[in-house]
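**Student:** Have a look at this one.
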Amino acid sequence: MGQSSSFTTVMVAVLLVMMFGSAYSGNFFNEFDLTWGDHRGKIFNGGNMLSLSLDRVSGSGFKSKKEYLFGRIDMQLKLVAGNSAGTVTTYYLSSQGATHDEIDFEFLGNETGKPYVLHTNVFAQGKGNREQQFYLWFDPTKNFHTYSIVWRPQHIIFLVDNLPIRVFNNAEKLGVPFPKNQPMMIYSSLWNADDWATRGGLVKTDWSKAPFTAYYRGFNAAACTVSSGCDPKFKTSLSDSELQTANELNAYGRRRLRWVQKYFMIYNYCSDLKRFPRGFPPECRRSRV
Numbered sequence: 104m105g106q107s108s109s110f111t112t113v114m115v116a117v118l119l120v121m122m123f124g125s126a127y128s129g130n131f132f133n134e135f136d137l138t139w140g141d142h143r144g145k146i147f148n149g150g151n152m153l154s155l156s157l158d159r160v161s162g163s164g165f166k167s168k169k170e171y172l173f174g175r176i177d178m179q180l181k182l183v184a185g186n187s188a189g190t191v192t193t194y195y196l197s198s199q200g201a202t203h204d205e206i207d208f209e210f211l212g213n214e215t216g217k218p219y220v221l222h223t224n225v226f227a228q229g230k231g232n233r234e235q236q237f238y239l240w241f242d243p244t245k246n247f248h249t250y251s252i253v254w255r256p257q258h259i260i261f262l263v264d265n266l267p268i269r270v271f272n273n274a275e276k277l278g279v280p281f282p283k284n285q286p287m288m289i290y291s292s293l294w295n296a297d298d299w300a301t302r303g304g305l306v307k308t309d310w311s312k313a314p315f316t317a318y319y320r321g322f323n324a325a326a327c328t329v330s331s332g333c334d335p336k337f338k339t340s341l342s343d344s345e346l347q348t349a350n351e352l353n354a355y356g357r358r359r360l361r362w363v364q365k366y367f368m369i370y371n372y373c374s375d376l377k378r379f380p381r382g383f384p385p386e387c388r389r390s391r392v
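Each residue of the sequence shown is one higher than the last, beginning at 104 in the working numbering.
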């Protein structure tokens, strides 16, 4: 493919994502509730910004007012700067109950100058243990970056600044449960996990650096909300053509996915022989795009 053709393909993909991603832009006052942490969570700048903080007494968190079933969720985050060892910032979708579904971004802090670990996981019917972890190719504390979840009946795609980093395909035909029937809310929290978060708990939180603060902006939801039109069978209100256009990975997207996984993936449960000595989970045979 020539240079001009490659440029055109990339620009078309970017424009399609921009069109789809701009379907709804949320105000934090209208879309989220601060759920714990007292004054440590704040909404400001007219509802366009939100911050969560952690100190020795407590962390903080928020959740969406709405439940979603299929679509695309975007959030821009700027993570805890400096020595963030022991802290965890989470951003995820989840339903409730013992057989809950969940789609996770977790950002594991580290010592000053060392990279964050981006931890991803997928739960279906209460079962998780599908972890992939990455280093990021930028400093996530210097500027805002966009973290996106594309959730369809066929697959889940994790994206960072519109680059796909992980695809979890529906493998129900192999007996693997897939999150497709339970609406989920958006959650986020900032909390202390120095018993495991940084180097397996070897590096503890330095409370002299508290409070630790993460910032949020740019929430967008192009998704079915249960309160405004998902039918009883929980089918998406977005048309098939809209979903196909916006969410399928083209050749460029597949190349970028392979680039991220080759150079920045640091853990993949589908290649952990010590964990699965008798054979990998069945979905691992279908994990490649």
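All C-beta atoms in this analysis are idealised placements derived from N, C-alpha and C, irrespective of residue type, glycine included.
Between LEU196, PHE322, LEU221, which lies nearest to THR249 when the distance is taken from Cα to Cα?
**Tutor:** The residue with the shortest Cα to Cα distance from THR249 is PHE322.
**Student:** What are the residues that DSSP puts in a beta bridge with LEU137?
**Tutor:** The partner list for LEU137 (beta bridge, DSSP) reads PHE165.
**Student:** On the three-pair Cβ rule with 8 Å, is the region 161–181 touching the region 286–300?
**Tutor:** The answer is yes - the region 286–300 touches the region 161–181, with three or more Cβ pairs under 8 Å.
**Student:** Check whether the region 137–147 touches the region 273–285, counting contact only when three or more Cβ pairs, one atom from each stretch, lie closer than 8 Å.
**Tutor:** Result no; under three Cβ-Cβ pairs closer than 8 Å.
**Student:** State the Cα-Cα distance for the pair LEU180 and MET152, rounded to the nearest angstrom.
**Tutor:** So the alpha carbons of these two residues sit roughly 10 Å apart.
**Student:** By alpha-carbon positions, which one of GLY216, GLY231, GLN235, LYS230 ends up nearest to THR223?
**Tutor:** Out of GLY216, GLY231, GLN235, LYS230, GLN235 has the C-alpha closest to the C-alpha of THR223.
**Student:** Evaluate LYS169 with the Cβ neighbour count: other Cβ atoms within 10 Å of its Cβ, from every protein chain shown; 16 or more gives buried, anything less gives exposed.
**Tutor:** The residue is buried, with at least 16 neighbouring Cβ atoms inside 10 Å.
**Student:** On a CA-only basis, which of TRP240, VAL329, ALA317, PHE247 is nearest SER163? Give me that one, please.
**Tutor:** Among TRP240, VAL329, ALA317, PHE247, the Cα nearest to that of SER163 is on ALA317.
**Student:** Check this for me: beta carbons of THR328 and TYR194, under 8 Å apart or not?
**Tutor:** Not a contact, by the Cβ cut-off of 8 Å.
**Student:** Starting from the C-beta of LYS377, find all residues in its chain whose C-beta is less than 8 Å away, skip the five residues before and the five after it, and write them out in chain order.
**Tutor:** Same-chain partners within the cutoff: there are none.
**Student:** Given this structure, state the Cα-to-Cα distance separating PRO280 from PRO380, to the nearest angstrom.
**Tutor:** C-alpha separation (whole angstroms): 22 Å.
**Student:** Can VAL191 and PHE208 be called in contact, C-beta distance under 8 Å?
**Tutor:** The answer is no: Cβ separation not under 8 Å.
**Student:** Below 8 Å on the Cβ atoms is my guess for THR165 versus GLY150; work out the distance and round it to an integer in Å.
**Tutor:** Correcting the residue identity first, residue 165 is Phe in this sequence and not Thr. That pair is no contact at about 13 Å.
**Student:** Check whether the region 230–246 and the region 354–373 touch, using three or more Cβ-Cβ pairs below 8 Å as the test.
**Tutor:** Yes: the two stretches touch, three or more of their Cβ pairs being nearer than 8 Å.
**Student:** Determine which residues share a DSSP beta bridge with SER251 and list them.
**Tutor:** ASP177, LEU262.
**Student:** Comparing alpha-carbon positions, which option in LEU305, ALA184, VAL253, ASP298 lies nearest ASN246?
**Tutor:** Ranking LEU305, ALA184, VAL253, ASP298 by Cα distance to ASN246 puts ALA184 first.
**Student:** Excluding sequence positions up to five away, which residues of its chain have a Cβ less than 6 Å from the Cβ of ASP264?
**Tutor:** HIS248, THR249.
**Student:** Ends of the beta strand (DSSP E) at TRP294?
**Tutor:** Start and end: 288–295.
**Student:** Quick check: the Cα distance between LYS230 and ASP204, rounded to an integer number of angstroms?
**Tutor:** One C-alpha to the other measures close to 8 Å.
**Student:** Suppose you measure from the CA of CYS373 to the CA of ARG388; what does that come to, to the nearest Å?
**Tutor:** If I take the Cα positions, the gap works out to 8 Å.
**Student:** Would SER344 be called buried (16 or more neighbouring beta carbons within 10 Å of its own) or exposed?
**Tutor:** Residue confidence is low: SER344 scores 45 on pLDDT, short of 50, so the model does not pin down where it sits. No coordinate-derived value is stated.
**Student:** PHE226 bridges to which residues according to DSSP?
**Tutor:** GLU205.
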